[in-house]
Ligand SMILES: Cc1cc2nc3c(=O)[nH]c(=O)nc-3n(C[C@H](O)[C@H](O)[C@H](O)COP(=O)(O)OP(=O)(O)OC[C@H]3O[C@@H](n4cnc5c(N)ncnc54)[C@H](O)[C@@H]3O)c2cc1C
Ligand code: SF4
Ligand code: SF4
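Residue numbers (our numbering), protein chains in the order written: chain H, 11 to 669; chain W, 1412 to 1561.
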C-alpha cells in the first residue's frame, strides 16, 4: 500500500512547537509511506490541491493528514481524498494540534509525539478498506421542544417551509419567558404585542401540531427516523371542548394555587388560564390545590362549565410521533437565588427577582401594572437593583456572565421612572456589558435621561430596618462603603439551563455543560448543530442570550432542518458493523447489546446468524466488544485496526530503547 | 518529570476526545507522555485492548468516555464501566499493578478536567515507573499482594 503523509504547519499553531519538516522526513522512513511533505495550511485551497496532486502523481492508495482534530476537518479532508479519486475512508488524521502543539511547549517531545501519532495513523490506514454509504428515506417532520420565542420561531419557519411540525411545550401555554416580560430592550416595545401574533400563528398554522402541558418521555432512532414518545400530562379539562370562556375561573373557590406564570407573585385559582393571551387558551386544573382532588367535595367548575369540558378522571396520555429531526429550544431558568443568604435568600418579601419585577411592571400581571411592594402593597420610592446575582460568581459555581441582565436591569430602571416619576433607582453593577446594536446607548439613557444611579461594586448584604431595607455595598470607583435605604430590592438573577435539561439531553443523546446548557457542535462554525446528527439547538438552551439572538437561532435551526430535508434520501454513515458469517455462531449476544436494535437474526443454510441492518447501525461498536467470536466487526474501527495503532506505538518505544 | 513513559489513552469520540480537544483549544498544558487512540465509544473497548496494550509494554493505559447516562449511543458507557471494572480487578491476577490502568469520564466541555486527569494519571504512572517485562512485574506484584494480605 502506498500512503501519503501531509504534515500541516497550521501557520505557527503547529509549526511553532513541532518540527514539522522533521516529522515529514521521519515519516518517509515508514515502510508503507511513499510520500511525505509538510504544508502551510493543509485545509486551504492550495493545501488541498497539493494533497490531490500528490495522490494522483504518486498513485497513492491513501492519505494521512497530521493537523488539527478530526472532529473539525475530518469531513473536509475526506472530501479532498474523494476528489482525488480515492474512497473517502482511505484517509486518517493525526491530531498534532489540539493534542500536541497546543498543550506542550517542549519542541523535542512534541516532535516525537507528533511522529508517534503519524505512525499510528499510518498503521491504521494500512488496514482501512473502502466503505460505501447506503441511502435511506427521510421522514420530513420535525419536533420542536420548548415553546419559548426560539422554539416558536423555529416552528413557524419550518412550518412555512412546508414541513409538518410537532411542538411540545412543558407548561400549559407557549411563550416562554418572553411572554412574562413587560417591555423589551432596547426599543422598549411591549413584549406581548410582538410575541402575541406569533403565538397565534402557531395555533392557527395548519402544519403545526401543538402539545402543551406535555413532555418527551423517550427518543429513539436516528437522523431522518426518530420515534418520540410524548407524554401529555392531564389538565383535567378536555381541551377539545374547552373554549377558554373562563366561567370556571370566576367560580373556583380555591384561590391559593401557586401562580407560576406570575413567578409566584400572588396566587391564582386552582383552575386557571395562565394569562389572557395564552396559547392554547384553555383552562387546566392544578390538582395540588384543587378542593375536588383534595377532599372529593366541590366540583363547581364542572357544574358551571357550559361545554362540560371538566374531567377529573383524566389520565396521562402517551402519543408516539415519528420525525426526521429535532430542535431543542427549552430555554433557561433563573438560578436558585436563595443561596444568597446575605440578600435575604427568599426570607424578605420585598427582595424579589428580576422576572418577578417584570410581572409587577406588566399590565397583565398580578398588580395590573402598578409597582407595589409584595409586603404591604405600597408604591416603592427607592428601588435598588443588584446585578450579577448568580452570574460571574465563582463562589456559587456560576462563573459565567448571563448576558442579558445588564440590559434588562437598565430597562427596569427606565420603566421604574416611567411608572413612578418621583422614584429613585440605584443599580449595583460589576461591569456594564451592552454589546448589541443600540445597547450601550440604551444603558446610557438609563443613567443620563432617567437618572438611575449606577454604583460599581458588589453588595455585601441586605437587611430590613424599619419597614425598609438597608443595602450595604462598596463603591469600588470611589473606594467607599455605600449604604442605600430601599423600599424594594430587585435581584438580577443569573440564568442556568432549564430544570430537567440534563435529563432531556440524555434522551436526545447530546452533550450539556455543568450548568445545564447544551453544547453546540462547534462554538463558532456550528452554533445550532449538535454532535448528534439531526438534533439542533436554538435560543437559551445553548447558553444565555437575548431575544434577537434567540430568534436568529430559531431561524437558523429551522434553516438547517429545511436543508437537511431538501433531499429525499440521506446517506447513512458506512462506518457500521459487519458480520463474518463463518465466525458467527448465532449466539445473538450482539443483538442483545445493540442499543439501536440494528441486529437481526437471519438463517444461512439452516443456521442462525447475526445480520446488521446498515441504515440502523450507528457505529458505536458495542457489539464488536461483546462478540465472543470476534465475528462482528465495526468497520473502520476493527480490532485489527485499533491494535495496529497500539502496536505501532509500542514498537516505536522498542526502537528508542534499543537505538 | 523524568523521561517520558508510554501511556496510551483510549478515548470515545464524542465526549472525552472532545474534552481533550477543548483542553487543547484552551491551551491547558499537559505532560507529553500520553498518546490517544480515538474510538467511537468507550463501549467499543474490548477488555483485551487494555490487556494487550499493557502486556505489550505500555506503562499505563487510560480509558475515558462520556459520563454515565450521557452517552452518544445512549448506553455504551454502561457496558464500558462493567467491562473496565472487571479489567481493573483482573490485572493483579496476571501480575500487573492495577494502578497502571484507570478509566474515567470526561465530557466534551470539560477541558480543564481533562488536563487534571492527564496530569494526575501521568504522575501516577511515573510514580510506578516503567513497566517491567512480564515475569518481573508479576513477581513484584505478587510480593506486594502477599505483603498486603499478611
Ligand atoms: C427579567 C428578564 C428580563 C428580560 N428582558 C429581556 C428584554 O427586554 N429583551 C431581550 O431581548 N431579552 C430579555 N430577556 C431574555 C429573554 O428572556 C430570553 O432571551 C428569551 O426568553 C429566550 O427564549 P427561549 O425560547 O430560548 O427560552 P425560554 O423563554 O426559556 O423558553 C423555553 C420554553 O421551553 C419550555 N420548556 C422547558 N423545558 C422543557 C421541556 N423539557 N419540554 C418541553 N418544554 C420545555 C419552557 O416552559 C419555555 O416555554 C430577559 C430575561 C429576564 C430574566
Ligand atoms: S373542582 Fe372546585 S376547586 Fe377544583 S378546580 Fe374545580 S372549582 Fe376549583
Ligand atoms: S455498532 Fe453494533 S451495537 Fe452499535 S449500533 Fe451498530 S450494530 Fe448496534
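Note that CB positions come from ideal geometry on N, CA and C, so glycine has one too.
None of these values were measured; they are calculated from a predicted model.
The count of Cβ pairs closer than 8 angstroms, one atom from the stretch 191-206 of chain H and one from the stretch 296-309 of chain H, stays below three, leaving the stretches out of contact. Residue 1543 of chain W does not reach chain H, its nearest Cβ partner there being about 13 angstroms away, counting only Cβ pairs nearer than 8 angstroms. Where residue 1516 of chain W is concerned, the enclosing beta strand (DSSP E) starts and stops at 1512-1516. For residue 187 of chain H, the shortest separation between its Cβ and any heavy atom of ligand 1 lies below 7 angstroms. Counting the other CB atoms within 10 Å of its CB gives residue 250 of chain H a total below 16, which places it among the exposed residues. For residue 1516 of chain W, the closest Cβ of chain H is not nearer than 8 angstroms.
At a cut-off of 8 angstroms, the C-beta of residue 1469 of chain W has a neighbouring C-beta in chain H. The C-beta of residue 125 of chain H has 16 or more other C-beta atoms within 10 Å across all chains shown, which makes the residue buried. Listed along chain H are 79, 81 and 108, each with a C-beta nearer than 7 angstroms to that of residue 1432 of chain W. In the three-state DSSP reduction, residue 207 of chain H falls in the helix class (H, G or I). Relative to ligand 1, the beta carbon of residue 181 of chain H is positioned inside 7 angstroms of a heavy atom. DSSP places residue 1502 of chain W outside any beta strand (DSSP E), giving it a letter other than H or E. Residue 1499 of chain W has a beta carbon lying at 8 angstroms or more from every beta carbon in chain H. When rounded, the separation of the alpha-carbon atoms in residue 351 of chain H and residue 463 of chain H is 25 angstroms.
The three-state reading of DSSP puts residue 649 of chain H in helix, counting H, G and I together. For the stretch 217-230 of chain H, the beta-carbon criterion of a distance under 7 angstroms to any beta-carbon of chain W is satisfied by none of its residues. For residue 329 of chain H, the enclosing beta strand (DSSP E) starts and ends at 327-333.
Taking 8 angstroms as the cut-off, the beta carbon of residue 518 of chain H is found closer than this to the beta carbon of residue 336 of chain H. Judged by pairs of C-beta atoms under 8 angstroms, the stretch 205-225 of chain H touches the stretch 154-162 of chain H, as three or more such pairs exist. In terms of beta-carbon proximity, residue 1415 of chain W lines the interface with chain H, with at least one pair separated by less than 8 angstroms.
Checking the 7 angstroms criterion, the Cβ of residue 225 of chain H is within range of a heavy atom belonging to ligand 1.
In this structure, the beta-carbon distance from residue 627 of chain H to residue 600 of chain H does not fall below 8 angstroms. When secondary structure is reduced to three states using DSSP, residue 310 of chain H falls in the helix class. Residue 1483 of chain W has a beta carbon lying within less than 8 angstroms of a beta carbon in chain H. Where residue 416 of chain H is concerned, there is no enclosing beta strand (DSSP E), although the alpha helix (DSSP H) around it starts and stops at 415-429.
Under the Cβ criterion of 8 angstroms, residue 1439 of chain W is counted among the residues facing chain H. Contact annotation for residue 1451 of chain W against chain H: 585, 629, 630, 631, 644 and 647 [CB-CB distance below 8 angstroms, chain order]. Taking all protein chains shown into account, residue 1438 of chain W has fewer than 16 neighbouring C-beta atoms within 10 Å of its C-beta and is therefore exposed. If you check each beta-carbon in the stretch 112-133 of chain H against every beta-carbon of chain W, the ones closer than 9 angstroms belong to 112, 113, 114, 115, 116, 119, 120, 122, 123, 126, 127 and 130.
Set against 7 angstroms, the gap from the CB of residue 439 of chain H to the closest heavy atom of ligand 1 is not smaller.
For the 8 angstroms CB-CB criterion, residue 642 of chain H and residue 1450 of chain W do not form a contact.
If you draw a 10 Å sphere on the C-beta of residue 323 of chain H, you find fewer than 16 other C-beta atoms in it, and that means exposed. Of all residues in the stretch 1528-1543 of chain W, none places a beta-carbon less than 7 angstroms from a beta-carbon of chain H. Distances from the alpha-carbon of residue 149 of chain H to those of H:574, H:428 and H:429 put H:574 closest. Relative to ligand 1, even the nearest heavy atom lies 7 angstroms or more away from the CB of residue 78 of chain H.
Each of W:1429, W:1421, W:1490 and W:1472 was checked against the Cα of residue 1542 of chain W, and the nearest Cα belongs to W:1472.
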